[in-house]
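In the UniProt record's numbering, the protein residues as written are 1 to 660.
Built from N, CA and C at the ideal position, the CB exists for glycine as well.
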Amino acid sequence: MESLIKSLDSLYCDSLTQYSRRKTIPVRVGDVIIGGDNHIVVQSMTTVDTMDTRGSVEQCIRMIDSGCELIRITAPSLKEAENLKNIKAELRKRGYQTPLVADIHFTPNAAELAARIVEKVRINPGNYADKKKFEVIDYTDASYAEELERIRERFLPLVKICKENGTAMRIGTNHGSLSDRIMSRYGDTPLGMVESALEFLRICEDEKFHDIVISMKSSNTQVMVQAYRLLVQKLNEGGFKPYPLHLGVTEAGEAEDGRIKSAVGIGTLLEDGLGDTVRVSLTEDPEFEAPVAKALIDRYTHRAKHASIPEVVNYPITPFEHNKRQVAEIYNFGGHNVPRVITDISKVENISDREMKAVGHFYLPELDKWKMNDLGCDFVYSGSNPIPFMLPNGMKEIQNYSVWEKAPDQVNKFPLFSLSEYQKAEIFHSEINFLEVLDTEITDTISAIQGRKDTILILKTSNTHSMPALRRGFVSLIEAGSDIPVVVKVSYPDQTADMTMLYSATDVGGLLVDGLGDGILISLEKEGEHTRQEVLDQIKLHNSVSFGVLQAARTRMSKTEYISCPSCGRTLFDLQETTAMIRKRTDHLKGVKIGIMGCIVNGPGEMADADYGYVGSGKGKITLYKGKEVVKRSVPSEKAVDELIEIIREDGMWNEPEAI
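Okay, here's the thing in structure tokens:
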């Protein structure tokens, strides 16, 4: 354990236990100020062609009305950069003062023009002065220094224009578009992402230009979180100013998956006080993004008033890389097992076999057999309402101890103890017992489980600063040398489905990203009275969200993952329609990752993390990838999905969908 302990002097946040926003310099973007003591700013990006002035303006207004405080518009060439002037003028004419941000890739001359028009420009250090060819280059220190000088010459004009015009800048690193230079020296790593931004930041600081926001975006939530943390540490160590951070998960996807994935990445950082502006990237119309971002941000408005949590003196977790906590294998928890899903059905009396479809298990009476889909939970918690029929082999039942100790079957059912029950109990299950405790009971819990190899801990908290309180419980277990598996339990009062997705993804996903947790349980205990159908609907949501959180945190791949960008003015096809079409044909391919990209900007790079890719390469033309290798070019869009499936089939990864 000694080698894992990190000094808090070089930690990435103010405190691991007390909520505190990282203090940054304020950066003015028009009438909006990012950082400092100001609120966290919500932003989004248009999807209409930038040359469509009217369409862009009308979409901007819908975005503003939905809560967007900053609007980004792509400017892939000089003509789009020039048209930003018309879009801005029409918005101002209609009474909208929302600042505009020009999004630049590959074209420094477009950035230099846009910087004279809009309030902020975003440049990508991976492709602002470089063309990505996926080449490995063996640099000497001298040749690398020459490359940095070339970048300086290319980038310096933009810095000077921004200074002269009072234009802010975002240095936005994307995991999917790191330059060959960075990849050759640092590899495809969080450190490479950080250094990519710092190369450009050093030039800005040499010129005494500080109106800068920085981002470290990735479609992989683990990489994204690690990169932001490492960026803050490197800024501190390097004596840089504390620049504000723009948070976002690239290519998060749509609907439930997109919301959960965004929250795992963004919420994890917000919990530790990192982040000054947020963009949630959904494959949906952009006006649907701002409310999701605001729901994430609003959780922290009064967070500083939370109950105290014992300080962490030495942190036994490496925050810049994923290392799963080493735990004993008990039954099918811990060890090399994937995290388990326990679904709470305790509020349903005399549940029927047909109602178990809410937890992914389907009874087929005509065949008298069970089937399970990709979201079939591992355990159900029935509480004091035991299940009145035999369960399929793929699912087990957990009962309250008071029910279990009187049950006729104490072999195929498992008990759930409170700490006091556990301390007094005379009978236990021979293989697996569940012990539910609060984070504040950890000290007594460690004493109670000493030497036991038949117990799974279910850890919960009543602290409003949930994730750090639960994390503190894990730290105590690690410090005590305990290798007991831990299921994280969360519960919420009645709320919207979106809030359940976002809060669960933050509270549990933030732990999973750090390798903490061997299972998830979203409890019904805080919810009010509802009709039977409403409760079943909530159970279905909790079950689905549980699997979604595990997948978004990259700890259990249970369904097809779609790495799909949120669309923008560069997109060469209807991204939402295409994503839906591809999902319809492929969503039975368990664990397969498919990248769906509107254009070439981030396509090949982000798809290095995908198994297959579908990228717009021209009007009505699609390029298909296996990993980051092109398999077919210029495929007509009407044939591209069939061709994609054929590539998957030839690769031996295809199976025919089964009807349930």
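Item: If I'm right that H175 touches N220 with Cβ under 8 angstroms, what's the distance once you round it to whole angstroms?; Value: 7 angstroms
Item: Taking the continuous alpha helix (DSSP H) assigned at Y614, which residues delimit it?; Value: Looking at the DSSP string, Y614 is not in any alpha helix (DSSP H); the run it does join, the beta strand (DSSP E), is Y612 to G618.
Item: With contact counted as at least three CB pairs below 8 angstroms, one residue from each stretch, are the stretch 61-69 and the stretch 16-27 in contact?; Value: no
Item: Sorted by chain position, which residues of the same chain lie with C-beta nearer than 7 angstroms to M499's C-beta, five sequence neighbours on each side aside?; Value: A295
Item: What residue range does the beta strand (DSSP E) around D103 cover?; Value: L100 to I104
Item: Between P286 and E441, what straight-line distance do the alpha-carbon atoms span, to the nearest angstrom?; Value: 44 angstroms
Item: What residues in its chain sit with their C-beta under 8 angstroms from that of P157, if we drop five residues either side in the sequence?; Value: P108 and E112
Item: So what does I563 bridge to, in DSSP terms?; Value: G595
Item: Taking DSSP as the reference, what is the three-state secondary structure of W370?; Value: strand
Item: I387: beta carbon under 7 angstroms from a heavy atom of the ligand ADP?; Value: Annotation note on the ligand ADP: not contained in the displayed structure, which lists no ligands.
Item: Per DSSP, which residues does R556 bridge with? Please list them.; Value: Partner(s): none; R556 has no beta bridge.
Item: Could you check the C-alpha separation between L230 and V535 for me, to the nearest Å?; Value: 42 angstroms
Item: Roughly how many angstroms separate the alpha carbons of T455 and Q423, rounded to a whole number?; Value: 13 angstroms
Item: Between which residues of its own chain and S3 is the CB-CB distance below 6 angstroms, once the five residues before and five after are set aside?; Value: For S3, the pLDDT reaches just 37, beneath the cut-off of 50, and the residue's location in the model is therefore unreliable, leaving the point undetermined.
Item: Extract the residue ranges of the beta strand (DSSP E) inside the stretch 49-104, only unbroken runs of 3 or more that lie entirely within it.; Value: 70-74 and 100-104
Item: In chain order, which continuous runs of the alpha helix (DSSP H) of length 4 or greater are located wholly inside the stretch 298-323?; Value: none
Item: If the criterion is Cβ atoms closer than 8 angstroms, does the pair E271 and G595 meet it?; Value: no
Item: Please check the pair S637 and G620, which I expect to be a contact at CB under 8 angstroms, by giving their CB distance rounded to whole angstroms.; Value: 5 angstroms
Item: Go ahead and pull the three-state DSSP assignment for H542.; Value: helix
Item: Could you pull the DSSP bridge partners for T455 from this structure?; Value: N433
Item: In three-state terms, what does DSSP make of G519?; Value: strand
Item: For Y503, report the span of its alpha helix (DSSP H) as first-last.; Value: A497 to D507
Item: Compute the Euclidean distance between the alpha carbons of R472 and L375, then round it to the nearest angstrom.; Value: 30 angstroms
Item: Assuming I151 is part of the beta strand (DSSP E), what are its boundary residues?; Value: Per DSSP, I151 belongs to no beta strand (DSSP E); it is in the alpha helix (DSSP H), D141 to N165.
Item: Exposed or buried, what is A89 when buried is set at 16 or more other beta-carbons lying within 10 Å of its beta-carbon?; Value: exposed
Item: Decide yes or no for the touch test of the stretch 455-466 against the stretch 300-307: beta carbon pairs closer than 8 angstroms, at least 3 of them.; Value: yes
Item: May I ask you to verify whether the stretch 250-259 touches the stretch 277-284, counting CB pairs closer than 8 angstroms and requiring at least 3?; Value: yes
Item: Can you name, in chain order, every residue of its own chain whose Cβ lies under 8 angstroms from the Cβ of N337, other than the five neighbours on each side?; Value: E329 and D518
Item: What whole-angstrom Cβ distance do R152 and I87 have, given they're in contact under 8 angstroms?; Value: The Cβ separation is near 32 angstroms, so there is no contact.
Item: Spatial neighbours of V635 within its chain, please: C-beta separation below 8 angstroms, excluding the five flanking residues on both sides.; Value: K621, I622, T623, L624 and E643
Item: Nearest-angstrom Cα distance between E69 and K261?; Value: 22 angstroms
Item: Check for me: the alpha helix (DSSP H) holding R471 runs from which residue to which?; Value: S466 to E479
Item: Taking only runs of the beta strand (DSSP E) that begin and end inside the stretch 195-243, which ones reach a length of at least 3 residues, in chain order?; Value: 212-217
Item: Are there 16 or more other CB atoms within 10 angstroms of the CB of L129, so buried, or fewer, so exposed?; Value: According to the sequence shown, residue 129 is Ala rather than Leu. So A129 counts as buried.
Item: So, is D37 buried or exposed, given that buried needs 16 or more other C-beta atoms within 10 angstroms?; Value: exposed
Item: So the alpha helix (DSSP H) P108 belongs to, where does it begin and stop?; Value: P108 to A114
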